[in-house]
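Student:
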Amino acid sequence: MVLSKTSQMATNFDRGETIGLSLSYHNKAVIRFISSVITKILARNNLIYLQDTIITIMREIIVNAVKANSKRLYFGFQNLDINDSEAYLLGMESFKTFIVDNQDFVAEELKKSDYKVFVYLKKFESGFSIHVRNNTPIHPTEMQRITARIEKAKTYNDFSEVYCDVTDNSEGEGLGLVLTVLFLKNSGIGVNSLKISSDSNMTQASLVVPFQLKPVTVMNKIQQQILEEVSDLPTFPENILELEKLCSDPEVDYRLVAERLSLDPSLSVSVLKLSNSAAFITRRHIDTISEAINLIGMKNLRSIIIASSARRILDERYSSFRQIWDHCNKTAFYARQLALAFGCGKIVQNVYLAALLHDLGKIVLLSTSSALSEWMFTLTRDRGLRTSTVIEEVSIGISHSSIGEKIARKWNLPEYLVEAIQWHHAPLNCSESYRDIVYITYLANKLCGIEGKRFDYYFLEEEVLQRYHVEDEAAFMALHEDMKRKYLEQVPQKY
Ligand SMILES: [Fe+2]
Ligand SMILES: [Fe+2]
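Here you go:
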């Protein structure tokens, strides 16, 4: 129902009609609906990479509009004249705690009231505009504060500067606007595309998004640091690449491979560990390299050798990021199962390896700037953003998938791995030859994200689901349940 309604709105928008909706409160369902429409509009206009940016900005603007209406409502309850400056100060003292502590009550009261928020979208030749209007005038003090914040936000180059400012400056008031301005700056939409206006009846925030974005060359301190970090990484060990080549020889003697592998004890341990992991379905415990090769086969062994070595390089350099690797292991399990379920048996090993390594870049990102990363993580969680990549991209101007891509290139990893790492959050951008590898890695990662409650079905790329004939939410849920069951069946007996 929601899927087809949002598709219809996107079609009307493309025909040049103004599309819109009204709401009284920004509950989850409303935000999900609007996000879904925006996603479709952007996808159809070749701007899908702006998805997270636009959705985040929209959400901030809508929340502010609802807040402005709530303020009027609250002043009404308190019998305070909002236009009287003393009464305004008095009311504002208690308003903030009131609105946080009484969300459900405020939502109900707004629904009963005449206070509404209207969202309009309109396409024109060179771009499109989004207007969020609420039917109360803005308070002059508020207008002054907003203008000052926007001006201040324009002076920031990256998030480390905001971070320094707000951590010594109370609870990070007005962070939403700062975020919005930085999003506009770094996405190439431009800071001046957001306008806030008001008359005696209403307040309107308008955002104009051009189809042709200005190229941005934001090169800030952290980005510089991360890029240096990547270029300082050791190269991929020569002996591993040789060993991998050896495994690719169809005539190779298993014993020779086992022998060579055993010369590297820590690699042997990793191979055994991965062979005993959930991905390889077996009831028996593998103790020796020869058993491992027999069981998992040469092709899988190649994947495991590469994955283990990549991990070893990163683990030696940075403190261990167990959580990320655990997530990658689970993603790899799902990816393998999905490939089998979708009849892509031929690329099972590639998909498995791609998923094992897809978040490589996260490790470098997290270790380069840990205090900032932690803060970004909190911000992402608190603001209900779907993925940490949004904040990374905005704050640093580079996402973990791009960092991963750079590492993969430095290590001369095969092109399919480079693409899977690079596009695991934006699968539609991949090249035709690696579509299945990238799509399945993307889906496997999303399954984990859904389990972590960071996404839901409506955020998935339709094109990806269609490729594997997953027709609707029920079919998707059934697939996910099946994957979960398979995973659980394997895990207990392994660990
Ligand atoms: Fe990722
Ligand atoms: Fe991931």
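Taking my numbering, I'd label the letters of the sequence shown as residues 40 to 534. Where is the CB? At the ideal position from N, CA and C, for every residue including glycine. For clarity, every value in this text was computed on a predicted model and none was experimentally measured.
What does the shell around ligand 2 hold, if a residue joins when its beta-carbon is under 5 Å from any heavy atom?
Tutor: The set, ordered by position in the chain, is D398 and N484.
Student: Identify the continuous alpha helix (DSSP H) that holds K224 and give its terminal residues.
Tutor: Residues L214 to S226.
Student: Tell me, please, which residues DSSP counts as bridged to K161.
Tutor: Answer by DSSP bridge pairing, in chain order: S168.
Student: Could you tell me the boundaries of the alpha helix (DSSP H) in which T274 lies?
Tutor: It is not in any alpha helix (DSSP H) - T274 carries neither H nor E in the DSSP assignment.
Student: Could you work out which residue in E330, Y481 and Q47 is closest to R506 when comparing CA atoms only?
Tutor: It is Y481.
Student: Classify M516 as buried or exposed, calling it buried when 16 or more other Cβ atoms lie within 10 Å of its own Cβ.
Tutor: M516 comes out exposed.
Student: By Cβ distance, which residues of its chain are closer than 6 Å to Q376, with the 5 residues on each side in sequence left out?
Tutor: Answer for Q376: M522 and K525, listed in chain order.
Student: For S441, verify whether its CB is less than 7 Å away from any heavy atom of ligand 1.
Tutor: Incorrect: S441 has no Cβ contact closer than 7 Å to ligand 1.
Student: Secondary structure at I235, three-state DSSP: helix, strand or coil?
Tutor: Note: I235 maps to strand in three-state DSSP.
Student: What's the C-alpha gap between A107 and Y478?
Tutor: Taking the straight line joining both Cα atoms gives about 42 Å.
Student: Would you be able to state if there are at least three C-beta pairs under 8 Å between the region 387-395 and the region 340-352?
Tutor: Judged by Cβ distances under 8 Å, the region 340-352 makes contact with the region 387-395, as three or more pairs qualify.
Student: Short of 8 Å in beta carbon distance, which residues of its chain neighbour H519, apart from the five on each side in sequence? Order them along the chain.
Tutor: So the list reads L486 and I489, once near-sequence residues are dropped.
Student: Whose CA, out of F222, W450, F498 and K492, lies closest to the CA of P466?
Tutor: Nearest of F222, W450, F498 and K492 to P466, Cα basis: F498.
Student: Do G536 and H464 have their C-beta atoms closer together than 8 Å?
Tutor: No answer is possible for residue 536: the residues shown for the chain start at 40 and end at 534.
Student: Please tell me whether F137 and Y154 are closer than 8 Å, where the distance is taken between their beta carbons.
Tutor: No; because the gap between Cβ atoms is not below 8 Å, this pair is not in contact.
Student: Please name the residue, chosen from R341, V310 and V139, that lies closest to L285 on a Cα-to-Cα basis.
Tutor: If we check each option's Cα against that of L285, R341 comes out closest.
Student: Would N208 be called buried (16 or more neighbouring beta carbons within 10 Å of its own) or exposed?
Tutor: Caution is warranted here: a pLDDT of 47 is assigned to N208, below 50, making its placement in the model unreliable, and no coordinate value can be reported.
Student: Which stretch, first to last residue, makes up the alpha helix (DSSP H) that contains S348?
Tutor: Taken as a continuous stretch (DSSP letters only), the alpha helix (DSSP H) holding S348 covers I328 to R356.
Student: How about H463: is its Cβ closer than 7 Å to a heavy atom in ligand 1?
Tutor: Yes, ligand 1 has a heavy atom inside 7 Å of this Cβ.
Student: Taking T242 as part of the alpha helix (DSSP H), name the residues at either end of that continuous run.
Tutor: Premise fails: T242 lies in the beta strand (DSSP E), T242 to P249, not in any alpha helix (DSSP H).
Student: Looking at C-beta atoms only, is the number of pairs between the region 61-74 and the region 124-135 that lie closer than 8 Å three or more?
Tutor: These segments do not touch.
Student: Alpha carbon to alpha carbon, what distance is there between P289 and G227?
Tutor: Answer to the nearest angstrom: the Cα atoms are 50 Å apart.
Student: Assign V291 to one of two classes, buried (16 or more other C-beta atoms within 10 Å of its C-beta) or exposed (fewer than that).
Tutor: Exposed.
Student: Rounded C-beta distance between L311 and I332? I'm assuming under 8 Å.
Tutor: So it is not a contact: roughly 11 Å between Cβ atoms.
Student: Please tell me whether S168 and V247 are closer than 8 Å, where the distance is taken between their beta carbons.
Tutor: Against a cut-off of 8 Å, the Cβ pair of V247 and S168 comes out as a contact.
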